[in-house]
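Offset between the sequence shown (1-based) and the working numbering: plus 210.
Glycine included, C-beta positions come from ideal geometry on N, C-alpha and C.
Keep in mind that this is a model prediction, so the values were computed, not measured.
Reading through the structure tokens given below for one structure.
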Amino acid sequence: MATRDTGQPSSGISRRDFLKTTAAATAVVGCGLDFAYDADKAAAYEDSPLHTITTTTCPYCSASCGQRVVKEIASGTVVDIYGDFQSPFNAGGLCAKGAGSLQLVNNARRIGAFPGDHPVNNVFASDAAGSDATGIAWKRIGNGDWTAMGLQTAFDEIAAGDGTAFNEGMVAYRNKDVAGWTGANQNSKSVAFFGSSHINNEPNWMYRKLIAEFGTSNTEHQARI
Numbered sequence: 211m212a213t214r215d216t217g218q219p220s221s222g223i224s225r226r227d228f229l230k231t232t233a234a235a236t237a238v239v240g241c242g243l244d245f246a247y248d249a250d251k252a253a254a255y256e257d258s259p260l261h262t263i264t265t266t267t268c269p270y271c272s273a274s275c276g277q278r279v280v281k282e283i284a285s286g287t288v289v290d291i292y293g294d295f296q297s298p299f300n301a302g303g304l305c306a307k308g309a310g311s312l313q314l315v316n317n318a319r320r321i322g323a324f325p326g327d328h329p330v331n332n333v334f335a336s337d338a339a340g341s342d343a344t345g346i347a348w349k350r351i352g353n354g355d356w357t358a359m360g361l362q363t364a365f366d367e368i369a370a371g372d373g374t375a376f377n378e379g380m381v382a383y384r385n386k387d388v389a390g391w392t393g394a395n396q397n398s399k400s401v402a403f404f405g406s407s408h409i410n411n412e413p414n415w416m417y418r419k420l421i422a423e424f425g426t427s428n429t430e431h432q433a434r435i
């Protein structure tokens, strides 16, 4: 048997053997899910002249699991993403989020689209900011109706709200003798941030920078709730 750099004996498993032998276990775990792993299909991609395969790293955490991204040459569309059996970190295995990475690239509900029974029902008109028929659905505090909003308009409103909270809080903090000032106006206490396990590495890095700008310790994460 061959040995790796770690000095540990390798399994000697081939590319095709790995893809085929993981089929049964993965079918049980992923049955009924749209990101269920198809070992036979993956093996076919490896030998297909109609597809290109690019190795990359899963974007979700610091484990650095290897992935193989399959692109259809004719259309340029990413058609599958699965674990890289040659990676020393994960040897082809992926967690549920990593296994669903294709949904980050191709999913009808990724931006500006919702299930048929959603109140917005895919209706997003162009707005004054010039966004196209992609956007979000939002509702204010309370149990009001969902309202469609263009993506650029949503970004602008979020940025304006963040800027107001930051600037007004800092003014209040530095001028404690101003009329009406209370500790609640201090910027670091007037905002809070909530994290999500759906956010991957790069957005998380930016999110942490944003939190640092506010100087707040009011942070929480869904994994701790």
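{"query": "Is it true that the stretch 267-280 meets the stretch 362-377, where meeting means three or more beta-carbon pairs spaced less than 8 Å apart?", "result": "no"}
{"query": "Once the 5 residues before and after Ile291 are set aside, which same chain residues still bring their CB inside 8 Å of it?", "result": "Gln277, Arg278, Val279, Val280, Ser311, Leu312, Val315"}
{"query": "The beta strand (DSSP E) spanning Ala422 covers which residue range?", "result": "Unbroken run through Ala422 is the alpha helix (DSSP H), 411-424; no beta strand (DSSP E)."}
{"query": "If I measure Cβ to Cβ from Ile263 and keep anything under 6 Å in the same chain, skipping five residues before and after, which residues do I get?", "result": "Arg278, Val280"}
{"query": "For Thr287, write down the residues that DSSP places opposite it in a beta bridge.", "result": "DSSP lists no partner for Thr287."}
{"query": "My assumption, with CB atoms under 8 Å, is that Ala369 sits in contact with Ile346. Please give the rounded CB distance.", "result": "Actually they do not touch by this definition, with Cβ atoms about 14 Å apart."}
{"query": "Would DSSP call Gly360 helix, strand or coil?", "result": "strand"}
{"query": "If I follow the unbroken alpha helix (DSSP H) through Lys349, where does it start and stop?", "result": "Segment: none, Lys349 is in no alpha helix (DSSP H) and carries neither H nor E."}
{"query": "Counting only the same chain and skipping the five closest in sequence on each side, list residues whose C-beta sits under 7 Å from that of Glu282.", "result": "Leu260, His261, Val289"}
{"query": "According to DSSP, is Gln432 helix, strand or coil?", "result": "helix"}
{"query": "Go ahead and label Phe299 buried or exposed: buried means 16 or more other beta carbons lie within 10 angstroms of its beta carbon, across all protein chains shown.", "result": "exposed"}
{"query": "If you reduce the DSSP assignment to three classes, tell me which class Val315 lands in.", "result": "helix"}
{"query": "One question on the structure: do Pro269 and Asn410 come within less than 8 Å of each other, judged by their Cβ atoms?", "result": "yes"}
{"query": "Cβ-heavy atom distance between Val289 and the ligand GTP below 7 Å?", "result": "You won't find the ligand GTP in this model; it holds no ligand whatsoever."}
{"query": "Report the residue from Arg434, Gly425, His408 whose alpha carbon sits nearest the alpha carbon of Cys438.", "result": "The shown model of the chain, from 211 to 435, leaves out residue 438, and the question about it has no answer."}
{"query": "Is Asp250 buried or exposed, if buried means 16 or more other CB atoms sit within 10 Å of its CB?", "result": "exposed"}
{"query": "Could you tell me which residues DSSP pairs with Val279 in its beta bridges?", "result": "Thr264, Ile291"}
{"query": "Assign Phe404 to buried or exposed, taking buried as 16 or more other Cβ atoms, counted over all protein chains shown, within 10 Å of its Cβ.", "result": "exposed"}
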